[in-house]
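Keeping their order, the protein sequence lines are chains A and B. Residues 1 to 159 (our numbering) are what the first sequence spells out, left to right. Residues 160 to 606 (our numbering) are what the second sequence spells out, left to right.
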Amino acid sequence: MISLSVNGRTHAVAADPATPLLYVLRNDLGLNGAKFGCGLGQCGACTVMVDGAAVFSCLTPIAVLPGRRIRTIEGLGTAAAPGPVQAAFLAEQAAQCGYCTAGMVMRAQALLEREPGADEARIRAHMQPNLCRCGTQLRILRAVRRAGRAMTGGRRASL
Amino acid sequence: MRQSADFGTTPSNDASLVCGRRGRRQIRVFESALRGATLLVVAAFAACAAAAGPRPGATAAAAGFPPDEIADGAGLAAIGGCAGCHTRSDGAPLAGGAPVRTPFGTVYGSNITPDRATGIGAWSLADFARAMRTGVAPGGRHLYPAFPYDHFTRVDDADIAAIYAFLMTRRPVARATPAPRMDFPFGFRPLIAVWNALYLDDARFQPVPGRSAEWNRGAYLVEGLGHCGDCHTPSNLLGAERSGRPLAGAVLDGWYAPPLTAASPAPRPWTADTLATYLRTGLDAQHQAAAGPMGGVVHDFGAARPSDLHAIAVYLATTMAASAGAPRADRGAAANRGRPEATALFAGACAGCHDAGAPMMQQGRPSLALGSPLHEATARDAIAVVLFGVSPPAGPAGPFMPGFAASLSDAQVAELVDYIHARFGGGAAWRDLPALVRQVRKEGSGG
Chain A
1 MISLSVNGRT
11 HAVAADPATP
21 LLYVLRNDLG
31 LNGAKFGCGL
41 GQCGACTVMV
51 DGAAVFSCLT
61 PIAVLPGRRI
71 RTIEGLGTAA
81 APGPVQAAFL
91 AEQAAQCGYC
101 TAGMVMRAQA
111 LLEREPGADE
121 ARIRAHMQPN
131 LCRCGTQLRI
141 LRAVRRAGRA
151 MTGGRRASL
Chain B
160 MRQSADFGTT
170 PSNDASLVCG
180 RRGRRQIRVF
190 ESALRGATLL
200 VVAAFAACAA
210 AAGPRPGATA
220 AAAGFPPDEI
230 ADGAGLAAIG
240 GCAGCHTRSD
250 GAPLAGGAPV
260 RTPFGTVYGS
270 NITPDRATGI
280 GAWSLADFAR
290 AMRTGVAPGG
300 RHLYPAFPYD
310 HFTRVDDADI
320 AAIYAFLMTR
330 RPVARATPAP
340 RMDFPFGFRP
350 LIAVWNALYL
360 DDARFQPVPG
370 RSAEWNRGAY
380 LVEGLGHCGD
390 CHTPSNLLGA
400 ERSGRPLAGA
410 VLDGWYAPPL
420 TAASPAPRPW
430 TADTLATYLR
440 TGLDAQHQAA
450 AGPMGGVVHD
460 FGAARPSDLH
470 AIAVYLATTM
480 AASAGAPRAD
490 RGAAANRGRP
500 EATALFAGAC
510 AGCHDAGAPM
520 MQQGRPSLAL
530 GSPLHEATAR
540 DAIAVVLFGV
550 SPPAGPAGPF
560 MPGFAASLSD
570 AQVAELVDYI
580 HARFGGGAAW
590 RDLPALVRQV
600 RKEGSGG
């Protein structure tokens, strides 16, 4: 059994230590927010946070995770009470097919928790590893900027 | 390029990964395309201007240059990697500002666009040649030897003139170069004259009789414009290359630039053709993908003349001639024994791409057993690749590997690297890995 802390709850997981976190999240814990895109760390659809940093859960074996804090999109808020990054994505309608969205939100969350005032260049550089194939990048960037403003308290994100 | 297609910028979160021959540099995605387009426009303009003929005594910015010469200069500037230090990651091409970290302080690549006030627009060809070969700018100011004039002394007049023609026909950008921040006493520029007296050998390249024209062209480019020794030759305490050990391998920015001599760690010897492919595309299926500082170099090489890259490859294939070996078999069973944690790490984090049956391997990418890093005496490169990944150097399908710095601890990287070395590598077991992982993580992240 491997003990994982996900969104503040501890789970004992009976899975091979080599199993990628993504599979455990989706198959064992029923947390289906993170998506399987490429399985190769090239698209970012599976992005979650580990100890505050954005990582590709498809390439993170659970063996490395005991004692570390894992956060998924389910831990940021609910449909009724979305977190500030989620709220900003809703406000900007920053999704088309939506497959990349959870990963985008998690990567943005990792940046804005550390640097809510991140400037445009910083945001663009940070979001690089995640792909959107529908072409919603400009809306996503607007959403990240909006969330940054909300998180600095400069202006509340309108829902 | 994969990444930039999405957010329209350079992957500067990977800034620490893609470093220049003398410091950090970043991939400029659209630069080649822009350069090509600019070149066409400028070439057309220059063709019209050339009809009037160059005016004697006029500064270059006002003079016409033959299109062929500008095109030559573009290819040569790519070999020289000018943009690596003279373009900031988010800045205009060749307008300077990129920090170049040295053991003696930080200098900033200067603005080498033809802006008269902040660039080199007021320089004559003679001024330019003097700066290139002796490190002395107009007015007598000594340039820091982070600028590799100790190599550019080898460059002949025609090539200097072509690079001048290329630079002088770029778009002028008004941007002052930040002042260097040197540690005491290196901010005192007259000291550079002493350095020059000690280490600068101001001589042109001399062809070696009995060697082919292509081999000599390669030697000329390697020793001169390409300044390969800048990274691959060990330096002394004052940053000068040790003349007795050319291309013998050296450490920079956390990475190890391997020997380009008979001591090459490549388990399968480089040939002229495989090396030319690697230099042109950043990947050779018989060997490896370019990573770290070499990523930026091969990115620039994408704009070089293929014949020049082949000449470099012909020459280096002879300097590495005696390095012969054979890749060793995958020793998975032996590596797994006694390393259960690392076996799981490899299976979960690496095998999806690097196992023999993985999709990437089916596309003809090289096996881990073929790359130099696992055959070097130091684990630096293997550690740096695991931590920082591989950024695509050029082209839409360039090799890419994500870094694992955020998901793996120093101890886990050490375990993993030890496992991969035992399974695919060669040479003696690597020692003191956790300490080296800590060090590479610090150096590679700009610490």
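Note that CB positions come from ideal geometry on N, CA and C, so glycine has one too.
{"Asked": "Whole-Å CB distance - B/Ala-333 paired with B/Thr-277, under 8 Å assumed", "Found": "5 Å"}
{"Asked": "Residues that B/Leu-504 bridges to, as DSSP identifies them", "Found": "None; B/Leu-504 has no bridge partner."}
{"Asked": "Near the ligand GDP: B/Ala-472 beta-carbon under 7 Å from a heavy atom", "Found": "Among the ligands in the structure shown, none appear at all, so the ligand GDP cannot be discussed."}
{"Asked": "Listed by chain order, chain A residues near B/Pro-593 by CB distance under 7 Å", "Found": "Correct list: empty, because the minimum Cβ distance to chain A is about 15 Å."}
{"Asked": "Cβ-based burial, A/Lys-35 [other Cβ within 10 Å; buried from 16]", "Found": "buried"}
{"Asked": "Separation of A/Asp-51 from B/Arg-597, as counted between CA atoms", "Found": "18 Å"}
{"Asked": "B/Arg-376 beta carbon less than 8 Å from that of B/Ala-470", "Found": "yes"}
{"Asked": "Any chain D beta carbon closer than 8 Å to A/Leu-59", "Found": "Included in the structure are the protein chains A and B, with no chain D among them."}
{"Asked": "Contact residues within the region 486-502 of chain B, judged by C-beta distance below 9 Å to chain A", "Found": "Pro-499, Glu-500, Thr-502"}
{"Asked": "Beta-carbon neighbours of A/Glu-50, restricted to chain B and to distances below 9 Å", "Found": "It is worth fixing the name first, because residue 50 of chain A is Val in this sequence and not Glu. Here the neighbours are Ala-565, Ser-566."}
{"Asked": "Contact between the region 75-84 of chain A and the region 19-28 of chain A (3+ Cβ pairs under 8 Å)", "Found": "no"}
{"Asked": "Classification of B/Arg-490 by the beta-carbon crowding that lies within 10 angstroms, buried from 16 upward", "Found": "exposed"}
{"Asked": "B/Leu-235 in three-state terms, based on DSSP", "Found": "helix"}
{"Asked": "Touch test, the region 510-520 of chain B against the region 421-430 of chain B, Cβ-Cβ under 8 Å, three pairs minimum", "Found": "no"}
{"Asked": "C-beta neighbour in chain A for B/Gln-521, strict 8 Å", "Found": "no"}
{"Asked": "B/Gly-315, buried or exposed, once every other Cβ within 10 Å from all chains shown has been counted against 16", "Found": "Checking the displayed sequence, the identity of residue 315 of chain B turns out to be Asp instead of Gly. That one is exposed."}
{"Asked": "B/Tyr-308: first and last residue of the uninterrupted alpha helix (DSSP H) it sits in", "Found": "308-311"}
{"Asked": "Chain A contact residues for B/Phe-559, given Cβ-Cβ distances below 7 Å", "Found": "Gln-42"}
{"Asked": "Burial state of B/Ser-566 (16 or more Cβ within 10 Å)", "Found": "buried"}
{"Asked": "C-beta atoms of B/Phe-460 and B/Ile-579 nearer than 8 Å", "Found": "no"}
{"Asked": "Residue of B/Asp-360, B/Gly-264, B/Thr-272 minimising C-alpha distance to B/Ser-402", "Found": "B/Asp-360"}
{"Asked": "Unbroken beta strand (DSSP E) run spanning A/Leu-4, endpoints", "Found": "2-6"}
{"Asked": "Within chain A, partners of B/Arg-288 - CB distance below 7 Å", "Found": "According to the sequence displayed, residue 288 of chain B carries Ala and not Arg. The contacting residues do not exist; B/Ala-288 stays about 37 Å from chain A at best."}
{"Asked": "Inter-residue Cα distance where the pair is B/Gly-548 and A/Cys-134", "Found": "26 Å"}
{"Asked": "Close Cβ partners of B/Asn-270 (< 8 Å) along its chain, the five nearest in sequence each way excluded", "Found": "His-245, Leu-253, Ala-254, Gly-255, Gly-256, Thr-277, Gly-278, Ile-279, Val-332, Arg-334, Ala-335, Thr-336"}
{"Asked": "B/Arg-300 and B/Arg-348 closer than 8 Å at C-beta", "Found": "yes"}
{"Asked": "Spatial distance of B/Gly-603 from B/Gln-521 (CA atoms)", "Found": "31 Å"}
{"Asked": "Within-8 Å CB hit, A/Val-55 to chain B", "Found": "yes"}
{"Asked": "Start and end residues, beta strand (DSSP E) containing B/Tyr-415", "Found": "414-416"}
{"Asked": "A/Leu-4 to A/Ala-63 span [Cα, whole Å]", "Found": "10 Å"}
{"Asked": "Whole alpha helix (DSSP H) elements within the region 421-503 of chain B, 4-residue minimum", "Found": "431-440, 452-460, 465-478, 491-495"}
{"Asked": "Members of the region 236-260 of chain B that neighbour chain A once the beta carbon cut-off is set at 7 Å", "Found": "Asp-249"}
{"Asked": "Beta-carbon proximity list for B/Val-266, same chain, < 6 Å, skipping 5 on both sides", "Found": "Val-259, Tyr-303, Ala-305, Pro-339"}
{"Asked": "Chain B contact residues for A/Ala-18, given Cβ-Cβ distances below 7 Å", "Found": "Ala-503, Ala-506, Gly-507"}
{"Asked": "Segment contact, 8 Å Cβ cut-off, at least three pairs: the region 366-373 of chain B with the region 409-421 of chain B", "Found": "no"}
{"Asked": "Contact with chain A by B/Val-549, beta-carbon distance below 8 Å", "Found": "no"}
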